[in-house]
Structure formats: structure tokens, C-alpha cells
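Student: Position one of the sequence shown corresponds to residue 549 (the working numbering), numbered consecutively onward. Yeah, the Cβ is synthetic: ideal placement off N, Cα and C, and Gly gets one too. Keep in mind the model is a prediction, meaning the values are calculated, not measured.
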Amino acid sequence: MKKVIVMLVVALLAAVLFAQGKSETKKPAAESTKKSTVQQNEGGKKMPKKLVAYFSASGTTARVAKELAEAAKADLYEIRPETKYTSNDLDWRDKSSRSSVEMADKKSRPKLADKNAKIADYDVIFIGFPIWWYVAPHIINSFLEAYDFSGKKVVLFATSGGSGFGNTVKELQPSAPKAQIIEGKLLNGRIDKAELAKWAEQF
Ligand SMILES: Cc1cc2nc3c(=O)[nH]c(=O)nc-3n(C[C@H](O)[C@H](O)[C@H](O)COP(=O)(O)O)c2cc1C
């Protein structure tokens with residue numbers, strides 16, 4: 549009888565220890581469900597998750613943004629103003645047009661139509677826009693200020709009538725002080741898809 553009781557106690561202890569061990573091995577699995585933005589490719593190489601976010605007033609940057617998203621295997625998000633720009637709004641010869649007034653005031657922050665970009669899910673965010681008055685339109689500042697870009701890599705791309713980025717990075721950095729903002733590429737004219745993919749891959 550004593551033997552039976554001893555065996556039962558031993559079995560019970562073994563069961564308890566086994567259950568404990570199991571719950572401990574479960575821990576890392578639970579931790580691994582934490583949100584990770586880094587994917588792995590077939591070779592096991594870490595692949596950062598990429599987003600192409602763009603603002604386009606008359607369609608040129610939108611076309612380029614779609615090509616870039618395809619080339620970079622990135623998701624696409626359109627930065628839309630709450631109030632669309634009309635062609636009168638875009639008249640740079642008119643000092644009183646909406647774009648002229650906004651761009652003359654460094655503190656202007658045109659309102660966004662939504663705040664649905666899932667910035668937290670991405671490591672690299674390409675941001676595209678038309679060059680306005682030698683820099684980024686102020687809605688790009690609005691966009692940067694609407695989310696937490698801390699630790700994110702922000703790569704700029706733009707279309708223009710010929711101007712480069714000028715002081716764009718300097719004017720955007722205060723809107724996302726903890727982001728790494730990189731002056732990327734002007735994407736005017738014909739775009740070679742393979743070249744674009746190669747360029748985007750480095751980020
Ligand atoms: C208000 C305004 C200001 C602009 N300022 C410049 C400029 O400083 N330099 C330049 O090369 N092009 C300038 N452009 C031309 C645009 O950058 C160019 O047409 C761009 O490709 C338009 O892109 P979108 O169709 O995506 O809006 C300006 C256009 C507008 C409407």
C-alpha cells in the first residue's frame with residue numbers, strides 16, 4: 549500500500565513539473581506574437597516593411613508613387629487634403645491663391661482628409677510630393693505631425709518642373725524630429741522600373 553502511495557505522489561509531482569515546463573516553453577512563443585515590422589525573405593534575410601505615402605495635386609506624383617510601390621513591393625497610401633486643391637488654388641502666379649498663401653506661411657498646416665496610415669506597421673516610409681516653391685507642400689508637414697515617426701526611415705521622392713529638393717529636408721525635419729529623413733530621388737521623366745527597384749532596395 550505504502551509503495552502505491554509513494555508511486556502516486558511521484559507521478560503527481562512529475563505531472564506538475566511537466567506542466568510547469570510546458571508553460572515556460574510557451575513564453576517565447578507568446579512574446580513572438582508581439583508586432584514585428586520586419587519580414588524575412590526566402591534566404592532568411594530580414595526585409596523591412598515599406599510604405600509609399602504620397603500627395604499629388606494633379607496626378608504626376610500619384611503615377612510615380614504607384615510605380616515606386618510596385619518596384620519596392622511596398623503598400624500604398626494617398627495623403628489627401630480635407631479640401632481638394634482646385635486649379636485656381638494651384639495658380640502659383642497668383643499671390644492670393646490658396647497654394648501661394650499656404651506656402652508663404654511656414655506655419656500653415658493644411659488639414660488631412662484622414663489619419664488612417666498605419667505608420668507603426670512600417671520600417672521605411674517613402675513620402676512623395678510635387679515640389680512647391682522649391683520645397684515640399686506644407687501638407688507633408690501636416691502628415692509628419694499627425695503620426696509618430698520616431699525611429700522610422702523616411703525617404704523622400706518628388707516630381708517637379710525641374711527644381712530639386714532645396715531645403716526640403718531642413719523644413720520637414722522639425723515635423724518628425726526623431727525620424728531619419730533622407731533626401732531621396734526626383735522622379736521626373738521616364739522611369740526605368742528595374743533601376744527604381746534597385747534604388748528602393750537599399751533602404
Ligand atoms: C503651387 C505650385 C508650385 C510649384 N513650384 C514649383 C517649383 O518651385 N519648382 C518646380 O520645378 N516646379 C514647381 N511646380 C510644378 C510641380 O512641382 C510639378 O508640376 C509636379 O510634377 C506636379 O505634381 P502633381 O501632379 O503630383 O501635383 C509647382 C506647382 C505648383 C502647383
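Pull up the distance between the alpha-carbon of R783 and that of I739, whole angstroms please.
Tutor: No information on residue 783 is available, as it lies outside the stretch 549 to 751 that the chain covers here.
Student: Quick check: P678 and T707, are their CB atoms within less than 8 Å of each other?
Tutor: yes
Student: Return the chain-ordered list of same chain residues with a C-beta closer than 6 Å to the C-beta of A748, the five sequence neighbours on each side being excluded.
Tutor: A619 and A620
Student: Quick one: grab the DSSP three-state call for T581.
Tutor: Low confidence applies to T581: its pLDDT is 36, below 50, so where it sits in the model is not reliable, and the reading given next is rough at best. Residue state, collapsed to three classes: coil.
Student: What residues in its chain sit with their C-beta under 6 Å from that of A567, if we drop five residues either side in the sequence?
Tutor: Confidence at A567 is low in this model, with a pLDDT of 44, below 50, so its placement is unreliable and no value can be given for it.
Student: Please report the straight-line C-alpha distance between R641 and P725, rounded to a whole angstrom.
Tutor: 33 Å
Student: Output yes or no for whether 8 Å exceeds the beta carbon distance between V600 and F697.
Tutor: 8 Å or more divides the Cβ of V600 from the Cβ of F697.
Student: My assumption, with CB atoms under 8 Å, is that I667 sits in contact with F603. Please give the rounded CB distance.
Tutor: 15 Å between Cβ atoms; not a contact.
Student: Report the rounded CA-to-CA distance for P722 versus Y682, giving the unit in angstroms.
Tutor: 18 Å
Student: By alpha-carbon positions, which one of Y625, L624, S647 and A622 ends up nearest to K632?
Tutor: In terms of CA proximity to K632, S647 leads the group Y625, L624, S647 and A622.
Student: In the structure shown, what three-state DSSP assignment does Q750 receive?
Tutor: coil
Student: Let me make sure I understand the geometry here. Which of A694, S690, L734 and Y695 has the alpha-carbon closest to that of A711?
Tutor: Per the sequence shown, residue 711 should be read as Ser rather than Ala. The residue with the shortest Cα to Cα distance from S711 is L734.
Student: For K659, which residues in the same chain have their Cβ closer than 8 Å to its Cβ, ignoring the five residues on either side in sequence?
Tutor: P629, E630, T631 and S690
Student: Taking only heavy atoms of ligand 1 into account, decide whether any of them is closer than 7 Å to the Cβ of L624.
Tutor: no
Student: Alpha carbon to alpha carbon, how far is T634 from M651?
Tutor: 16 Å
Student: Return the chain-ordered list of same chain residues with a C-beta closer than 8 Å to the C-beta of S752, the five sequence neighbours on each side being excluded.
Tutor: For the chain, the structure presents residues 549 to 751; residue 752 sits outside this window and is missing.
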